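Some notes on the structure that comes next.
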Amino acid sequence: MSGREAYTRWHWGINPSTEVEVKPPPCVTSKADKEKWKRMELVECGRLVEIHYAPLDGSVKRRNKIIKLNKKNSNQCHLAFDNDHKNQRLYFILNEDTRKKMLKTLQNDYEPLPLSELSQVVGGRHATDDYEDIEVKPIGVMTNVVYACEKKGDGYSFYIHALGEESGIQPMLALAEDGSLWFAGGNYTSPVAGITD
């Protein structure tokens with residue numbers, strides 16, 4: 342199905358109003374990955390509002406942290422899925438301001454490792470070697486993602502999706518050197534019914 346049709350089904354009958362070319366984050370430098378991004382048909386789920394994750398520090402008192410985007414950045418950042426990927430891989434499309442903030446606030450002492458390697462540690466149907474050739478640091482286990490969009494019958498609404506609610510295999514939130522955020526591993530898919538596990 343085309344990206345336009347996938348968008349319309351995802352949004353319960355609302356047609357897309359515009360198409361834009363999405364450039365890869367600055368950390369994506371290999372020629373093959375840049376070509377991959379040119380061919381990818383990303384479909385917007387909605388404006389990115391929040392990312393919930395359990396930090397890796399093992400702290401009992403602070404189980405979940407929330408990355409909450411302000412209104413300006415939320416309107417310029419998106420949650421999207423790759424319509425051509427067999428499991429509809431999710432991507433964060435972040436503006437430069439948000440990438441800078443993520444780089445500043447999420448830094449940790451973990452050693453960077455290839456995104457594909459981290460995905461295989463996490464497991465699930467996205468534990469594959471078809472990720473971009475970049476290195477990332479693990480930030481935490483993603484528990485929920487919140488986005489805003491208009492769906493027919495609901496109007497403009499906020500949607501919260503739990504990750505790993507069926508299989509228990511949740512993706513890892515990962516940070517690249519340019520501040521871009523990535524889904525690593527996990528068992529989700531993003532068919533027209535929405536993000537499911």
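Going from the sequence shown to this note's numbering is simple: count from 1 and add 341.
Note that the Cβ used here is the ideal one computed from N, Cα and C, for glycine as well.
Source: prediction; values computed, not measured.
Boundaries for residue 478: no alpha helix (DSSP H) harbours it, while the beta strand (DSSP E) harbouring it runs 476–492, taken from the DSSP string. For residue 350, the CB contacts under 8 Å within the same chain, skipping 5 residues up- and downstream, are 342, 533 in chain order. Per the DSSP secondary-structure output, residue 505 pairs with nothing in a beta bridge.
Excluding the 5 residues flanking it on each side, residue 473 has same chain C-beta neighbours closer than 7 Å at 369, 374, 456, in chain order.
Runs of the beta strand (DSSP E) lying entirely within the segment 362–396 and spanning at least 3 residues, in chain order: 383–396. Contact between residue 486 and residue 420 holds: CB atoms are separated by about 6 Å, below the 8 Å threshold. For residue 413, the uninterrupted alpha helix (DSSP H) segment begins and ends at 412–415.
Under the 8 Å Cβ criterion, the segment 514–523 counts as touching the segment 438–449, having at least three qualifying pairs. Separation of the CB atoms of residue 378 and residue 357 is rounded to 19 Å, and the pair is thereby denied contact status at 8 Å. Beta bridge pairing from DSSP links residue 513 with 482, 525.
Judged by beta-carbon spacing, residue 392 lies within the 8 Å limit of residue 483, meaning their Cβ atoms are closer than that value.
The beta carbons of residue 528 and residue 466 sit closer together than 8 Å. Residue state for residue 500 is assigned as strand, using DSSP reduced to three classes. Per DSSP, reduced to three states, the secondary structure at residue 454 is strand.
Just measuring C-alpha positions, the residue of 452, 389, 359 sitting nearest residue 500 is 389. In this structure, residue 451 lies near residue 478, with their beta-carbon atoms less than 8 Å apart.
Closest in C-alpha terms to residue 464, from the list 505, 454, 449, comes 505.
By the CB criterion at 8 Å, residue 481 and residue 383 fall outside the cutoff.
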